[in-house]
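Each remark here refers to the structure printed beneath this line.
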């Protein structure tokens, strides 16, 4: 078979797979994880049951594949907003804001039963570690630049961030989630300054945030 | 029967009940919730099985009673440290420090299975609401006094606090938990000052935290 035909086949497979994932996630959110059947998924996705079974052995496998795709997309989104922003201070802010909104949206989609099922997925643990690493690196860079506090290790500050932002799912609005991010960021900027001998000597060093909007 | 005898009986009953609760919690933490039996509890507590069944119908009932006692004691501890401190700023700090340490200790005692069992207890929800209320009230009082930020509602700040402090259980040491509380408190103190017309006019108004240890 020529290469073009292979590519067409591959694109078709991806499209079918995506349709299966989307349909299953919708059905699970609507009806509950346990009540979704392979027949319902095939019907709703507009494919035959035999075709469905060529892609996935059962509903659980589909949900895990769907979740895997979600996690990958979310991490890519966070990396993208980070790379579009300038300097660790702004970068951390956009990453935390994006994460708070993703958390709120995920809460809406999942429903409690689906969330409980998915949180047993070890990919969640790995994704959290990746996100923790992304935040920790920005905090370390920011502490060097004098943008973030340097009296607490970046690793601990990343743990603080991620836990504080779990509150986003409990808040009633996107605006409240935005205020949560602002409050969480304040915790990262305050504190004792970096010891003199660790301060960067380049012109890039900033004087922290106090100069900006403090009226004291 | 004379009153004194009734009191003796009552004291004896409380002592037996406490012994049952302590023994059961220890056994559950050691062996797992599901493997603890009423016979083991009776033996370990040094009472007969018939006596044990006069107090509690099953292991689950004992664990819930134990948890109820723990929650009551912890809330009382938090109220006590609050009442011994002076002013909303100091009061919130001691409450959050005490809560972080209780969270760490509880994690140690419970084990995952016991924690999962107990978190279905609706008393946990009510206790969290009480704690949320305690923190919210201190934040409101502190915002009035100019100690805490006034640009975000005390209710939202309380949600932030409690979620940020769940990180305490994930941190490796008591010292790290203390730093977490410090960082969390910074988030509450920073921010735009209260509008002029809402500021208290008494001599108790403080000028925020920046004057203290900021080197900027």
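Protein chains in written order, with the numbering used here: chain A, 2 to 217; chain B, 2 to 217.
Just so it is clear, CB atoms sit at the ideal spot from N, CA and C, and this is done for glycine as well.
Keep in mind that this is a model prediction, so the values were computed, not measured.
| Query | Result |
| --- | --- |
| Chain A contact for residue 191/B (CB, 8 Å cutoff) | yes |
| Inter-stretch contact (C-beta, 8 Å, three-pair minimum) for the segment 97–107 of chain A and the segment 171–186 of chain A | yes |
| Between the CA atoms of residue 92/B and residue 25/A - distance to the nearest angstrom | 50 Å |
| Where residue 180/A meets chain B, residues with beta-carbon distance less than 7 Å | 153 and 157 |
| Alpha carbon of residue 22/B to alpha carbon of residue 5/B, nearest angstrom | 26 Å |
| DSSP state of residue 134/A mapped onto helix, strand, coil | helix |
| Cβ of residue 184/B within 8 Å of any chain D Cβ | No chain D appears in this structure, whose protein chains are A and B. |
| Cα-Cα separation between residue 78/A and residue 128/A, rounded to whole angstroms | 13 Å |
| Under the three-state DSSP convention, the category residue 183/A falls into | helix |
| Cβ distance (whole Å) where residue 161/A is taken to contact residue 143/A below 8 Å | Going by Cβ atoms, the distance from residue 161/A to residue 143/A rounds to 14 Å, so no, they are not a contact pair. |
| Residue environment, residue 85/B, which counts as buried when at least 16 other CB atoms sit within 10 Å | exposed |
| Sub-8 Å separation of residue 153/A and residue 18/B beta-carbons | no |
| Contact check, residue 97/A vs residue 132/A, beta carbons under 8 Å | no |
| Assigned secondary structure, residue 48/A (DSSP; H/G/I helix, E/B strand, else coil) | coil |
| Cβ of residue 188/B within 8 Å of any chain A Cβ | yes |
| Any C-beta of chain B under 8 Å from that of residue 196/A | In this prediction, residue 196/A scores a pLDDT of 47, lower than 50, which makes its location untrustworthy; no coordinate-derived value is stated. |
| Reference residue 166/A, options 15/A, 186/A and 13/A, closest by Cα | 186/A |
| C-alpha distance - residue 95/A paired with residue 16/A, whole-angstrom precision | 31 Å |
| Residue 178/B burial status per 10 Å Cβ neighbour count (16 or more: buried) | buried |
| Reduced DSSP secondary structure (H/G/I, E/B, other) of residue 90/B | helix |
| N- and C-terminal bounds of the alpha helix (DSSP H) containing residue 172/A | Element bounds for residue 172/A: n/a, residue is neither H nor E. |
| C-beta contact flag for residue 41/A and residue 28/A at 8 Å | yes |
| Per-residue contacts from residue 172/A into chain B (C-beta, under 8 Å) | 157 and 160 |
| Start-to-end residues for the alpha helix (DSSP H) that takes in residue 60/A | 60–85 |
| Local Cβ density within 10 Å of residue 196/A, reported as buried at 16 or more and exposed below that | Caution applies to residue 196/A, whose pLDDT of 47 falls short of 50 and renders its modelled position unreliable; the value that the coordinates give is listed next. So residue 196/A counts as exposed. |
| Short CB-CB distance (under 8 Å) between residue 9/B and chain A | no |
| Proximity test, Cβ basis, 8 Å: residue 102/A and chain B | no |
| C-beta contact flag for residue 168/B and residue 89/B at 8 Å | no |
| Whole-angstrom C-beta distance between residue 101/B and residue 182/B, which should lie under 8 Å | 5 Å |
| C-beta neighbour in chain B for residue 19/A, strict 8 Å | no |
| Three-state secondary structure assigned by DSSP to residue 115/A | helix |
| Within 8 Å of chain A by C-beta, residues of the segment 29–62 of chain B in sequence order | none |
| Between the CA atoms of residue 37/B and residue 31/B - distance to the nearest angstrom | 9 Å |
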